[in-house]
Amino acid sequence: MVALGINELTADWASAKWLLWIGLYLSLGIIVPWAMTRAWAHQHHSPLRPRLRQVFQNGELGLVGLMLAISVIWDLQKSEYTSDTIALGSVFLAMAGIMAGAVWIESYCRRTTGTRFRPDRAWRDSRNLTLLVFSLAIVTEILLDRFAKVTAL
Amino acid sequence: MRLADPAATLAYVSFLFGLLLVVFPVSFPHIIVQNWQNARLTPIMILFTVSLNLGLYLSVAHQRSSKPGILAAACLGSVPVFLLAGLNLLLQATIAHTLAGNIPNALARVDEEILAHTYFTLIAAIFGPFLLIRLGQQFRKNIP
Numbered sequence: 025m026v027a028l029g030i031n032e033l034t035a036d037w038a039s040a041k042w043l044l045w046i047g048l049y050l051s052l053g054i055i056v057p058w059a060m061t062r063a064w065a066h067q068h069h070s071p072l073r074p075r076l077r078q079v080f081q082n083g084e085l086g087l088v089g090l091m092l093a094i095s096v097i098w099d100l101q102k103s104e105y106t107s108d109t110i111a112l113g114s115v116f117l118a119m120a121g122i123m124a125g126a127v128w129i130e131s132y133c134r135r136t137t138g139t140r141f142r143p144d145r146a147w148r149d150s151r152n153l154t155l156l157v158f159s160l161a162i163v164t165e166i167l168l169d170r171f172a173k174v175t176a177l
Numbered sequence: 588m589r590l591a592d593p594a595a596t597l598a599y600v601s602f603l604f605g606l607l608l609v610v611f612p613v614s615f616p617h618i619i620v621q622n623w624q625n626a627r628l629t630p631i632m633i634l635f636t637v638s639l640n641l642g643l644y645l646s647v648a649h650q651r652s653s654k655p656g657i658l659a660a661a662c663l664g665s666v667p668v669f670l671l672a673g674l675n676l677l678l679q680a681t682i683a684h685t686l687a688g689n690i691p692n693a694l695a696r697v698d699e700e701i702l703a704h705t706y707f708t709l710i711a712a713i714f715g716p717f718l719l720i721r722l723g724q725q726f727r728k729n730i731p
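Those sequence lines, one after another, are chains A and B. If you read the first sequence in our numbering, its first letter stands for residue 25, the second for the next number, and so on. If you read the second sequence in our numbering, its first letter stands for residue 588, the second for the next number, and so on.
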């Protein structure tokens, strides 16, 4: 690894495009929807000042996690890793994404059928599972970036 | 047991892996590859994942004031071992396949494959047993 000049490969970490990628998801998936509720309240002169957890209290954050997982699976499929590694990564990303999405589905079913529903639990579950998807996505993107540099040598 | 309970800890483990990869882009992967070549990586990962899983399970049981079950503990102890051993065999097959092909820069590719495989296996060995326990709970609930 050292003989192949990995130092040169990692020297441009400053470019860190995965940081931009994280920023995009954070802003477009989480901050923009929250800011839009604020803007709506301001426009309609409403006293509504929702906090982040109130905007996503029905587990909607789980859906953001699922979308994120899908985009990383897509990147993984396009990579030059062997099929076994791609399959392994895709399966675990998909499982984590589905579990995150399931929080929203469960909360929707509970609310619709009038079964006992606790918004605090839906928020906590979706937040934790989305955090997991997010961390998996970041590390996978870092690994993909490294691999792309190795194959480009 | 809810999947969200171990998810946060697993996310921190994953972040730590990513951080080590960014801060030590040469030495951290080198340590992993060297330990894999010396056949020490799988036992270390088994020890780490089983202890982490049991610690997580006990802390969740303590938080919920519930009694830890034997079946769940057995699942947490055995599933990571089977997963890690099985996926290690898969990695060996992957490496043999990479080296057999006439691919340029094959050795560097193999190192990156080992790194990615180690990461995904680590995640699988921590998340897998909790997923099984959760599915088992769901199945038990559905039995009339």
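The beta carbon of each residue, even a glycine, is placed where N, CA and C say it ideally should be.
Against chain B, does residue i count as a neighbour if the rule is that its beta carbon must be under 8 Å from one of theirs?
i: TYR105 (chain A); result: yes
i: GLY113 (chain A); result: yes
i: SER131 (chain A); result: no
i: ARG170 (chain A); result: yes
i: PHE116 (chain A); result: yes
i: VAL26 (chain A); result: In this prediction, VAL26 (chain A) scores a pLDDT of 44, lower than 50, which makes its location untrustworthy; the coordinate-derived value is nonetheless stated afterwards. So yes, VAL26 (chain A) belongs to the interface.
i: ILE166 (chain A); result: yes
i: SER159 (chain A); result: yes
i: ASP144 (chain A); result: no
i: ARG148 (chain A); result: yes
i: VAL174 (chain A); result: yes
i: LEU50 (chain A); result: no
i: MET119 (chain A); result: yes
i: THR109 (chain A); result: yes
i: MET123 (chain A); result: yes
i: LEU44 (chain A); result: no
So, does the CB of residue i fall closer than 8 Å to a CB anywhere in chain A?
i: ALA693 (chain B); result: no
i: SER653 (chain B); result: no
i: ALA594 (chain B); result: yes
i: ALA660 (chain B); result: no
i: LEU686 (chain B); result: no
i: LEU590 (chain B); result: yes
i: LEU671 (chain B); result: no
i: ALA683 (chain B); result: no
i: LEU597 (chain B); result: yes
i: LEU663 (chain B); result: no
i: LEU677 (chain B); result: yes
So residue i and residue j are in contact, right, with Cβ under 8 Å, and what is the actual spacing, rounded?
i: LEU608 (chain B); j: PHE602 (chain B); result: 10 Å between Cβ atoms; not a contact.
i: PRO593 (chain B); j: CYS662 (chain B); result: At roughly 13 Å, the Cβ-Cβ gap does not stay under 8 Å, so PRO593 (chain B) and CYS662 (chain B) are not in contact.
i: ILE110 (chain A); j: GLN101 (chain A); result: 6 Å
i: GLY113 (chain A); j: THR164 (chain A); result: 6 Å
i: VAL637 (chain B); j: GLY664 (chain B); result: 6 Å
i: VAL174 (chain A); j: ASN689 (chain B); result: Contact doesn't hold; Cβ gap of about 17 Å is too wide.
i: GLY53 (chain A); j: VAL96 (chain A); result: Actually they are not in contact, since the Cβ atoms of GLY53 (chain A) and VAL96 (chain A) sit about 13 Å apart, beyond 8 Å.
i: GLU699 (chain B); j: THR106 (chain A); result: Not really, about 10 Å apart at Cβ, beyond 8 Å.
i: THR705 (chain B); j: ALA672 (chain B); result: Going by Cβ atoms, the distance from THR705 (chain B) to ALA672 (chain B) rounds to 14 Å, so no, they are not a contact pair.
Using the three-state DSSP reduction, which class does residue i fall into: helix, strand or coil?
i: ALA594 (chain B); result: helix
i: ARG75 (chain A); result: coil
i: LEU177 (chain A); result: coil
i: LYS102 (chain A); result: helix
i: GLN81 (chain A); result: coil
i: LYS654 (chain B); result: coil
i: THR139 (chain A); result: coil
i: ALA38 (chain A); result: With a pLDDT of 47 at ALA38 (chain A), under the threshold of 50, the modelled position of this residue cannot be trusted, and the question is left open.
i: GLY86 (chain A); result: helix
i: PHE611 (chain B); result: coil
i: ILE46 (chain A); result: helix
i: PHE690 (chain B); result: Contrary to the premise, residue 690 (chain B) reads as Ile rather than Phe in this sequence. Three-state DSSP puts ILE690 (chain B) in coil, outside helix and strand.
i: ARG145 (chain A); result: helix
i: ALA648 (chain B); result: helix
When the distance is taken between beta carbons, is residue j closer than 8 Å to residue i?
i: LEU153 (chain A); j: GLY86 (chain A); result: yes
i: PHE158 (chain A); j: LEU92 (chain A); result: yes
i: ILE713 (chain B); j: LEU639 (chain B); result: yes
i: TRP128 (chain A); j: ARG77 (chain A); result: no
i: PHE116 (chain A); j: PHE707 (chain B); result: yes
i: PRO655 (chain B); j: LEU645 (chain B); result: yes
i: ALA65 (chain A); j: LEU72 (chain A); result: yes
i: ILE46 (chain A); j: ILE162 (chain A); result: yes
i: LEU156 (chain A); j: ALA598 (chain B); result: yes
i: VAL668 (chain B); j: LEU719 (chain B); result: no
i: LEU674 (chain B); j: ALA711 (chain B); result: yes
i: LEU643 (chain B); j: THR685 (chain B); result: no
i: LEU709 (chain B); j: MET632 (chain B); result: yes
i: ARG151 (chain A); j: PHE141 (chain A); result: no
i: ASP108 (chain A); j: THR681 (chain B); result: yes
Since residue i meets chain E, which of its residues come closer than 7 Å, beta carbon to beta carbon?
i: PHE604 (chain B); result: Going by chain labels, chain E is absent from the structure shown, which instead holds the protein chains A and B.
Residues of the region 697-725 of chain B in Cβ contact with chain A at a cutoff of 8 Å, in chain order, please. Within the region 697-725 of chain B, those residues whose Cβ lies closer than 8 Å to any Cβ of chain A are, in chain order, ASP698, GLU699, GLU700, LEU702, ALA703, HIS704, TYR706, PHE707, THR708, ILE710, ALA711, PHE714, LEU718.
Taking beta-carbon pairs under 7 Å, can you tell me which members of the region 86-98 of chain A lie near chain B? none
To be precise: take each residue of the region 608-619 of chain B, compare its Cβ to all Cβ atoms of chain A, and keep it if any distance is under 9 Å. Which residues remain? LEU608, VAL609, PRO612, VAL613, PRO616, HIS617
Below 8 Å between beta carbons is the criterion; list the residues of the region 619-652 of chain B that meet it against any residue of chain A, in chain order. Those residues of the region 619-652 of chain B that come within reach of chain A (Cβ to Cβ, closer than 8 Å) are VAL620.
Tell me which residues of the region 68-81 of chain A have at least one Cβ-Cβ distance to chain B shorter than 7 Å, keeping chain order. none
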